[in-house]
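Asks: Pasting a structure below so you can have a look.
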Amino acid sequence: MTTANSSHRTPRAVIHRAPILPERVRTIAGQSFAFVPHRFLRDGFFASLRPDELRLYLLLVLAADRHGVSFYHYDSICSLLEIPLESYLRARNALIAKDLIAFDGTRFQVLSLPERPHVDAARPLTTDEQFEAHDPATIRRLVHGSLSRRGEDR
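When the letters of the sequence shown are read in order and numbered with my numbering, they come out as residues 437 to 590.
This is the structure:
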């Protein structure tokens, strides 16, 4: 039986898996090789990371040896990622808390992925300090107040 809609079906798009530029297919060719498992994207690890965490994780993956170990010093990392020390510390500590890397004070190790990504639960802001650190509207008010007081001092 043919319905009105069935006669107007469009053919499904065919997915071509052949490389677009076969002469440019990546190869290991005896050099070191970094990898990120597909699970990193599929299982939500990618989406669970903040931008600085993601950038630091990728740098550590690229810098790691076959055991996931790298020796980059924090000042080199901050320079390469163009982030201040405080941002580096937050990102590093978050990756450790999310069980993606280990750090012994000198060396990093990119770890095998845990069963599922760690997602930070949103917590309600209750204290003035929390609002001043995490609420964009409060931060804006503080900055504007500071700038207007600064103008009065001149």
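We put the beta carbon where it would ideally sit given N, CA and C, even for glycine.
All figures in this text were calculated on a predicted structure; none of them were measured in a lab.
Sort D511, R543, A530 and P487 by Cα distance to D501 and report the nearest one.
Replies: Here residue 501 corresponds to residue number 65 of the sequence shown, with the count starting at 1. Checking every option, the nearest Cα to that of D501 belongs to R543.
Asks: Would you tell me roughly how many angstroms separate the C-alpha atoms of R586 and Q566, rounded to the nearest one?
Replies: Indexing the sequence shown from 1 puts residue 586 at position 150. Indexing the sequence shown from 1 puts residue 566 at position 130. Cα to Cα, the separation comes out at about 24 angstroms.
Asks: Is it right to say V546 is buried, meaning 16 or more other beta carbons lie within 10 angstroms of its own, or is it exposed?
Replies: In the sequence shown, the residue the question calls residue 546 occupies position 110. By the 10 Å Cβ count, V546 comes out buried.
Asks: Could you tell me if L583 is buried or exposed, where buried requires 16 or more neighbouring beta carbons within 10 angstroms of its beta carbon?
Replies: On the sequence shown, residue 583 is found 147 positions in, with the first residue counted as 1. Flag for L583 reads exposed.
Asks: Can you give me the C-alpha to C-alpha distance between I537 and P560, rounded to a whole angstrom?
Replies: Indexing the sequence shown from 1 puts residue 537 at position 101. Indexing the sequence shown from 1 puts residue 560 at position 124. So the two alpha carbons sit approximately 28 angstroms from each other.
Asks: Can you give me the start and stop residues for the alpha helix (DSSP H) that A454 sits inside?
Replies: Taking the sequence shown and counting its residues from 1, one reaches residue 454 at position 18. First-last for A454: undefined, no H or E at that position.
Asks: Could you give the distance in angstroms between the alpha-carbon of R528 and the alpha-carbon of Q467?
Replies: By 1-based counting over the sequence shown, the position of residue 528 is 92. By 1-based counting over the sequence shown, the position of residue 467 is 31. Each residue's Cα considered, the two are about 28 angstroms apart.
Asks: Using 10 angstroms around the beta-carbon of F469, count the other beta-carbons present and answer buried if the total reaches 16, otherwise exposed.
Replies: Start at 1 with the first residue of the sequence shown, and residue 469 comes out as number 33. Result: exposed.
Asks: Which of the three DSSP states is assigned to A538 in this structure?
Replies: The count along the sequence shown starts at 1 and reaches residue 538 at position 102. In this structure, A538 counts as strand in the three-state DSSP scheme.
Asks: Tell whether a beta-carbon distance below 7 angstroms holds between L525 and R475.
Replies: Within the sequence shown, numbered from 1, the residue matching residue 525 stands at position 89. Within the sequence shown, numbered from 1, the residue matching residue 475 stands at position 39. It is not a contact, given that the beta carbons lie outside the stated cut-off.
Asks: Excluding sequence positions up to five away, which residues of its chain have a Cβ less than 6 angstroms from the Cβ of A530?
Replies: Taking the sequence shown and counting its residues from 1, one reaches residue 530 at position 94. Here the set comprises E489.
Asks: From this set, A465, R478, P473 and L485, which residue's C-alpha is nearest D556's C-alpha?
Replies: In the sequence shown, residue 556 corresponds to position 120, counting from 1. Comparing Cα positions, the closest option is L485.
Asks: State buried or exposed for Y493, treating a residue as buried only when at least 16 other CB atoms are found within 10 Å of its CB.
Replies: Taking the sequence shown and counting its residues from 1, one reaches residue 493 at position 57. Buried: at least 16 other Cβ atoms inside 10 Å.
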